[in-house]
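All remarks here apply to the structure that follows.
Protein chains: 2
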Amino acid sequence: MAAVRRLDALDDVIHQKVRLGVMSSLMASGESDFNFLKAALGVSDGNLSTHLTVLEEHGYITVSKEFVGKKPRTTYAPTPLGRQAFEAYVEALEALVRSV
Amino acid sequence: MAAVRRLDALDDVIHQKVRLGVMSSLMASGESDFNFLKAALGVSDGNLSTHLTVLEEHGYITVSKEFVGKKPRTTYAPTPLGRQAFEAYVEALEALVRSV
DNA sequence: GAAAGCACTTTGCGAGGCAAAGAGTAGAGA
DNA sequence: TCTCTACTCTTTGCCTCGCAAAGTGCTTTC
């Protein structure tokens, strides 16, 4: 088709494998902790930490730290903005692929 | 959901906005020339050229140069390998998103 | 009371994306 | 004919970004 493809509709923050996986996981489960995400996505801890920080800085996820016994646990959950961005991303992606 | 998300199923060659746009466009139209892609995707020529080279090096597209009158025209088309990779990418993406 | 484990964060470097500059050719005007 | 502009890409150089290795702070084990 001769359709113009709107690449800028694909949010750069989400269009990254690890971050896409994080958002997808959080959208599905509502919330997850660090170790769950690390295992589910199969990424290194440093890598994951960096991407979670990016998502937090963009207001796409919230971070809550609490103590379970004596151990810290950090839980991540999508914000309304994050959910909206994820859905917009998926829509843009489908629009790109649908014409094929 | 607690599903493991297979991020490595997302082909790095295709998981890039410009290259995804190129493959999507070529899959839809069968073939396109340089200027069409440049306009359709709204990217700079240098940027596009680089990504087309990457796709060619991975055997995802073929490049054929011909003269139309006295002007060169370069036409790009997906290879069977490229089509397969694109479809696998889309499937992996859908699998990632479907569980949401 | 060192040493090892847990839960992340920060750092440093290498790969990758982007636009600006370049290269090669053709036609138009002086 | 000799520049000048136009066209179609390619190459270069910078600069961002992603990644894993190293680091931090606390807790538990030996």
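Chains as they are written, first to last, in this note's numbering: chain A, -15 to 84; chain B, -15 to 84. For glycine and all other residues, C-beta sits at the position ideal for the given N, C-alpha and C. Predicted, not measured: the structure shown is a model, and the values here were computed from it.
query = Taking 8 Å as the CB-CB cut-off, is B:Arg3 touching chain A?
reply = One-based indexing of the second sequence puts residue 3 of chain B at position 19. Output row for B:Arg3: interface = no.
key: The beta strand (DSSP E) enclosing A:Lys55, as first and last residue numbers   = Taking the first residue of the first sequence as position 1, residue 55 of chain A is located at position 71. Here the beta strand (DSSP E) through A:Lys55 covers Lys55 to Pro62.
query = What is the rounded straight-line gap between the Cα of A:Ala(-14) and the Cα of A:Glu50?
reply = Here the question's residue -14 of chain A lines up with position 2 in the first sequence. Here the question's residue 50 of chain A lines up with position 66 in the first sequence. Note on A:Ala(-14): pLDDT 49, under 50, position unreliable in the model; the coordinate value appears next. Going from the Cα of A:Ala(-14) to the Cα of A:Glu50 covers about 53 Å.
query = Comparing the C-beta of A:Leu(-9) with each C-beta of chain B, is any distance below 8 Å?
reply = For the purposes of this step, residue -9 of chain A is taken as the residue at position 7 of the first sequence. Taking Cβ atoms only, chain B reaches closer than 8 Å to A:Leu(-9), which makes this a yes.
ask   = What does DSSP give as the partner residues of B:Glu50 in its beta bridges?
value = Counted from its first residue, the second sequence places residue 50 of chain B at position 66. B:Arg57, per the DSSP bridge assignment.
task = Return no unless some Cβ of chain A is closer than 8 Å to the Cβ of B:Gly53.
result = Counting from one through the second sequence, the residue named residue 53 of chain B turns up at place 69. No, B:Gly53 lies away from the interface with chain A (no Cβ there is under 8 Å from its Cβ).
query = Just the Cα atoms here: how many angstroms apart are B:Ser31 and A:Arg57?
reply = Walking along the second sequence from the start, residue 31 of chain B turns up at place 47. Walking along the first sequence from the start, residue 57 of chain A turns up at place 73. It should be pointed out that residue 31 of chain B corresponds to Asn in this sequence rather than to Ser. Taking C-alpha positions only, B:Asn31 is separated from A:Arg57 by approximately 43 Å.
request  = Take the Cβ of B:Pro64 as the centre, count every other Cβ of all protein chains shown within 10 Å, and call the residue buried at 16 or more, exposed below.
outcome  = Within the second sequence, residue 64 of chain B is the residue found at index 80, counting from 1. Here B:Pro64 is exposed, its C-beta having fewer than 16 other C-beta atoms within 10 Å.
message = Please list the terminal residues of the continuous alpha helix (DSSP H) segment that includes B:Ser9.
response = What you label residue 9 of chain B is simply residue 25 of the second sequence in a count that begins at 1. Going by DSSP, B:Ser9 is part of the alpha helix (DSSP H) stretching over Lys1 to Ser13.
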